[in-house]
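One structure is given below, encoded as structure tokens.
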Amino acid sequence: MPDPERDIASRYREHTGRKRTYILTGFVLLVVTAVLSIAVGSVDIPPQDVVRTLAGYSVSTNWDNIIWNVRLPQVLTAIVAGAGLAVTGMVMQSILRNPLGSPFTLGISNAAAFGAAFSVIILGAGSTSSRVGDAVTINNPYTTTIMAFLFAMLVTAVILAFSRFRGTSPEVMILVGVAMGSLFTAGTMFLQYFADDVQLAAMVFWTFGDTARASWEELGLISAVVAASVIYFTFNRWKYNAIDAGDETAKGLGVNVEKVRLVGMMFASIVTAIIVAFLGVIGFVGLICPHMARRIVGDDHRFLISGSIITGSLLLLSADTAARIMMQPYQLPVAVLTSFLGAPTFIYLILKGRRI
Amino acid sequence: MILEVNGIEFRYKSKEILKDIKFGLKKNEILSILGPNGVGKTTLLKCMNAILKPKSGTILVDEVDLLKLEQIEIARRMGYVPQRCEPARLTAFDAILLGRMPHMKWNISPEDVMLVETTIKKLHLEDMALSYIDELSGGELQKVSIARAIAQNPKLLLLDEPTSSLDLRNQLEILDTVRDIVRKENVSAIMTMHDLNLAFRYSDKFLFLKNGTIFAAGSMNEITPDMIHEVYGVPVTIQNYMDVSVVIPV
């Protein structure tokens, strides 16, 4: 029990200080994991040489090439995508007042997958080659990416339109999202039915989320969108706390709940759309990581935003590294692993947690 | 007069819910809004701080018309305690700190933290200050919710059925707290009430709603058994027991 003699304010500062320590520890852990992740692979590089190379002191040209062109972009992509998916999941859970909120609640990934299928079948963007571990390539990745993004944004627009007519209640948003999700799943099935073997393979291959797909330019674009949304979410952290206490309490505190809900959803949709469009579907990170972070730092969004970012980055980076090395020389797409890990982790959280 | 309400009218879609609402309140007074279920008590309370926008009328707080202000400006003048506050994994301190939101810019200041500490002491919540509110009982959560509204430093407190779903002891504790705050600080309070006996015990003024408008209003001692019979359709007698009026259905 806390000492009743000490004043409440200093005990409170100690309490928030502890949360800062957790977040700092998580950050250090993330940096260490990142270095180790760059070090391992088909060619093992000693971690100290990784640090030296990253600091600008070349150790060997071969390693330079591996680190700068292959592993670092993939590691950073995992970090940024993990952060983006987790933070949008966290915001969705808050503004939709639903613990099952995630970037995919609103049917965005289904729409993106449909967009990819559409580009492969109707626009002919898929073909095969026989490279090891990468049997199917997409001829024109930009067509696929752009179509995936467009359809993801189309769903967002539909949900916004419904919100305008029927009010921005969480129920309306979730129900429209579920309806859109199943509509686009049906659309994808329809396209797949008429696809030939090659097209079908290209389509299915695209949906496996893979962090190795992004180049430096694409990573830059994803990072910019994720950074912008994190800044917006941080700006509104107190408002999310207020909305957690109930819509009426939040309104009584001067929060424009409808606007926070609508703009938050837009940011979350754009982040999800861009990640899915470039990397494919990476499930469960957006759902689980915020809950993991909640168990450590609680629901206070002042800490939960950075907590979710670090948990998401750490989880996706670890999963990505594991996927990269566990079946060498094959590299598994990370989405296979996150989905495998996701279900048991989620059930564990439900069983162990007082609540989710 | 700290509060003057004039000609408030509220419609939901085309249905008229409230019309011609007019009343005033002085500093350090408690007003109970009374009336049967579904008559619009909560609606009226929500109109008071523009959570629901009245179709017409004025609400003057210290001679400023609330309906012309931004929501955040209203939040600086009125603290609203809804019937139910959702629990989250926040400490009571964090939850009360939310009351400083309408006053803060980018983040909380050390003064905000001190003010929350003062509020906690005022309401005798020291023991639960650092407990998580999802582990508190209904009565404790309600006290935290009231503390949050007080931390807003309002001129007026709005409470929506503050005692519903509380046991007898908590009902009295909550209303004692509200009365204490109203007497000692420079605030007034409006609450919607179902329990006439608690209304008699704790409020200075009453307002009976019937058919979407004010049926009767005034000081508590002006309430007659006939009024209650008219409003609720139940014949009653009002007895005096140790200086407290008690309503007994007959």
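Here the protein sequences line up with chains A and B, keeping their order. Here the first sequence stands for residues 1 to 356, where the numbers follow the working numbering. Here the second sequence stands for residues 1 to 250, where the numbers follow the working numbering. Where is the CB? At the ideal position from N, CA and C, for every residue including glycine.
Nearest to L157/B by alpha-carbon distance, out of A129/B, R169/B and G99/B, is G99/B.
With its beta carbon at least 9 Å from every one in chain B, E171/A lies outside the interface.
The segment 51 to 68 of chain A and the segment 274 to 291 of chain A do not touch, with fewer than 3 CB-CB distances between them shorter than 8 Å.
Take L72/A, set aside five residues on each side of it, and the residues of its chain with a beta-carbon closer than 7 Å to its own are I38, in chain order. For Y80/B, same chain residues with a beta-carbon under 6 Å away, outside a window of 5 residues either side, are N49 and L158 in chain order.
In this structure I350/A is exposed. Its beta-carbon is surrounded by fewer than 16 other beta-carbon atoms within 10 angstroms.
For I309/A, no CB of chain B lies under 9 Å from its own CB, so it is not counted at the interface with that chain. For S318/A, the closest C-alpha among the options S215/A, Y193/A, V40/A and Y348/A is that of V40/A. Nearest to I67/A by C-alpha distance, out of W216/A, R294/A, V120/A and A117/A, is W216/A.
For the 9 Å CB-CB criterion, F278/A and I222/A form a contact.
Counting along the chain, the unbroken beta strand (DSSP E) around L3/B starts and ends at L3 to Y12.
Contact of R294/A with chain B by beta-carbon distance below 8 Å involves R89.
Of the candidates S109/B, L130/B, P82/B and M78/B, P82/B places its Cα closest to the Cα of P162/B. In the three-state DSSP reduction, S219/B falls in the strand class (E or B). Our two residues, L52/B and L106/A, have alpha carbons roughly 28 Å apart in a direct line. When G283/A, L150/A and M180/A are compared, the shortest CA-CA separation from F162/A is found for M180/A. In the three-state DSSP reduction, L25/B falls in the strand class (E or B). Rounded to the nearest angstrom, the Cβ distance from T144/A to S119/A is 4 Å, consistent with a contact under 8 Å. C47/B does not reach chain A, its nearest Cβ partner there being about 12 Å away, counting only Cβ pairs nearer than 7 Å. In chain A, no part has a C-beta under 9 Å from the C-beta of V178/B; the shortest such distance is about 16 Å. Look at Y12/B: its C-beta is not under 9 Å from any C-beta on chain A. Per DSSP, V61/B is one residue of the beta strand (DSSP E) stretching across S56 to V61. The straight-line gap separating the alpha-carbon atoms of S229/A and V87/A is approximately 9 Å. In the structure shown, S42/A adopts coil according to DSSP, grouped into three states. Residue contact with chain A for D94/B: present (Cβ-Cβ distance below 9 Å to some residue of chain A). The beta carbon of P47/A lies closer than 7 Å to those of V35, L36 and A39 in the same chain, with the five residues before and after it left out. R201/B is a Cβ neighbour of L175/B, given a cutoff of 9 Å.
Counting only Cβ-Cβ distances below 7 Å, R11/A has contacts in chain B at L130, in chain order. Around V250/B, the same chain offers P235, V236 and T237 as residues with beta carbons nearer than 7 Å, after the five sequence neighbours per side are excluded.
Here Q328/A is exposed. Its C-beta has fewer than 16 other C-beta atoms within 10 Å. Listed by position along chain B, the residues whose Cβ is nearer than 9 Å to that of G298/A are A88, R89, L90, T91, D94 and Y132. Looking at the DSSP output, D210/A shares a beta bridge with no other residue. Looking from the CA of G264/A, the closest CA among F235/A, L253/A and A78/A belongs to F235/A. Scanning chain A for C-beta atoms nearer than 8 Å to the C-beta of G79/B yields G252, reported in chain order.
In chain order, A111 place their CB closer than 7 Å to the CB of L154/A, counting only its own chain and leaving out the 5 sequence neighbours on each side. T21/A has a beta carbon lying at 9 Å or more from every beta carbon in chain B.
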